[in-house]
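Position in the sequence shown (first residue = 1) + 229 = the numbering used here.
In what follows, a single structure is set out as structure tokens and then discussed.
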Amino acid sequence: MKMDYTAKMLRDDALKGKTIVVTGGGSGLGKAMTTYFLELGANVVITSRNIEKLHTVKEELEAATGGKVLPVQCDVRNYDEVEAMVAASVKEFGKVDVLLNNAAGNFISPTERLSANAFDTIIDIVLKGTKNCTLAFGKYWIEKKETNKTVLNIVTTYAFTGSAYVVPSATAKAGVLAMTRSLAVEWAKYGIRFNAIAPGPFPTKGAWDRLLPGDLKEKFDPAKKVPVKRVGEHQELANLAAYLVSDFSAYINGEVVVIDGGEWLKGAGQMNLLEEVPQQMWDMLEAMIREKKKN
Ligand code: HXC
Ligand code: NAP
């Protein structure tokens, strides 16, 4: 078997006996992580607004993995629907061990073009949705005195840097990161761990349609911004997520793991653009610098 970042990393049955709720589990990265969790022996509840899509994905993934999938329609913006989703998950599997807050909304726009409702829509899906799911499962686990639970939140690297043209998303993801770190401390006493993953560019239809529409994909090829010169493979994100929700990571709490090939640091380092300088020019530049020392 090929042993690289496209390979499946954890041992068989690493998640056996666990029940994992993946919000937005019917598409993109949520579906990729769901697939791997099933392969590792977990039961998975996939939730989103589109129940037909979830049923189709259930059929596909159960056939492919032999695992058990429960599709639940749930708009994470509505606390009532989230509470019903918690109840449906517990009814089906008896317990839930992991909440993966993956559902998101986003699109590029100059901020001054956004209506108040457009801004709210993104904050509501990303920040309020993560809060709704976290609060509903947290209250349930604490009340039932169930321990060894994990919440994994998908943020992005602009949660710490901010980013122009996706301001509602950056604002909301920064809030999710603060929630992750805050509850990692506050709810550790209840046996609940909190971590986050900050992915760089991982091609998905949902993200690419809204962040790189039309020929923006060619104009702003995301691979070019990444020091390792490629975009992410879904399996390498799934490997990281599976580790962070497994019991192997029991001592990791309050962490945000960046998986972006160095992309955000490339944008941050003040002299990083010197990569553009051709090799043969460095002799001349060095000579110029050394010359100055004599003055
Ligand atoms: C300006 C827009 C707009 C746009 C919608 N609106 N699209 N404003 N430019 N392109 C406005 C609408 O006019 C409306 O405001 C308000 O936003 C809500 O729009 P609705 O269509 O009613 O909302 P809704 O049906 O809830 O859909 C939410 C959505 C949609 C976010 C707009 O795109 C969606 O369902 N997205 C889910 C999947 C997704 O976004 N995936 C990408 C995740 S990528 P008014 O004032 O007219 O009522 C990601 C990557 C992070 O997060 C990091 C990458 C590096
Ligand atoms: P995606 O396929 O569009 O995933 C978003 C998911 O969220 C969809 O399944 C969608 O399902 C669900 N969703 C949206 N609004 C919802 C709501 N109100 N209630 C419930 N579910 C809702 O995009 P993706 O690229 O896989 O993104 C997954 C996660 O990775 C997101 O948190 C995103 O911010 C993060 N991320 C992605 C990248 C990347 O390069 N792809 C980079 C950094 C971070 P429905 O439409 O059926 O509701």
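Glycine included, every Cβ here is placed at the ideal spot set by N, Cα and C.
Counting only the same chain and skipping the five closest in sequence on each side, list residues whose C-beta sits under 7 Å from that of residue i.
i           : result
residue 501 : 495
residue 431 : 258, 460, 461, 463 and 466
residue 353 : 306
residue 531 : For residue 531 there is no data in the structure shown, the boundaries of the chain being 230 and 524.
Taking all protein chains shown into account, decide if residue i is buried (16 or more other Cβ within 10 angstroms of its Cβ) or exposed.
i           : result
residue 262 : buried
residue 366 : buried
residue 413 : buried
residue 411 : exposed
residue 470 : buried
residue 240 : exposed
residue 503 : exposed
residue 320 : exposed
residue 492 : buried
residue 507 : exposed
residue 422 : buried
residue 269 : buried
residue 331 : buried
residue 445 : exposed
residue 391 : exposed
residue 438 : exposed
residue 192 : The shown model of the chain, from 230 to 524, leaves out residue 192, and the question about it has no answer.
Rounded to whole angstroms, what is the Cα-Cα separation between residue i and residue j?
i           : j           : result
residue 267 : residue 466 : 15 Å
residue 532 : residue 329 : Nothing in the structure corresponds to residue 532, since the chain is present only between 230 and 524.
residue 335 : residue 351 : 6 Å
residue 435 : residue 333 : 10 Å
residue 294 : residue 511 : 54 Å
residue 532 : residue 317 : It is not possible to answer for residue 532, since the shown part of the chain is limited to 230 through 524.
residue 279 : residue 360 : 21 Å
residue 515 : residue 356 : 50 Å
residue 457 : residue 381 : 26 Å
residue 305 : residue 252 : 8 Å
residue 375 : residue 418 : 12 Å
residue 443 : residue 453 : 18 Å
residue 344 : residue 426 : 30 Å
residue 298 : residue 323 : 14 Å
residue 341 : residue 249 : 39 Å
residue 388 : residue 451 : 18 Å
residue 386 : residue 497 : 11 Å
residue 480 : residue 520 : 53 Å
residue 518 : residue 399 : 40 Å
residue 522 : residue 455 : 35 Å
Give me, in chain order, the residues of the same chain whose beta-carbon lies closer than 8 Å to that of residue i; leave out the 5 immediate sequence neighbours on both sides.
i           : result
residue 373 : none
residue 282 : 255 and 256
residue 238 : 468, 471 and 472
residue 235 : 462, 464 and 465
residue 449 : 441
residue 486 : 424, 425, 426, 427, 469 and 473
Grab me the residues of residue i's own chain with a C-beta within less than 6 Å of its C-beta, minus the 5 sequence neighbours each way, in chain order.
i           : result
residue 276 : 252, 301, 303 and 314
residue 484 : 424
residue 404 : 356
residue 397 : 348, 351 and 352
residue 308 : 361
residue 377 : 420
residue 369 : 315
Taking the alpha carbon of residue i as the reference point, which residue from the options has its own alpha carbon closest?
i           : options               : result
residue 337 : 393, 244, 478 and 473 : 393
residue 274 : 242, 311 and 400      : 311
residue 362 : 409, 451 and 349      : 409
residue 243 : 271, 520, 250 and 385 : 271
residue 246 : 369, 476 and 233      : 476
residue 482 : 379, 522, 509 and 497 : 379
residue 406 : 415, 518, 416 and 384 : 384
residue 326 : 509, 478, 490 and 474 : 474
residue 371 : 358, 346, 339 and 416 : 416
residue 358 : 478, 265, 232 and 401 : 401
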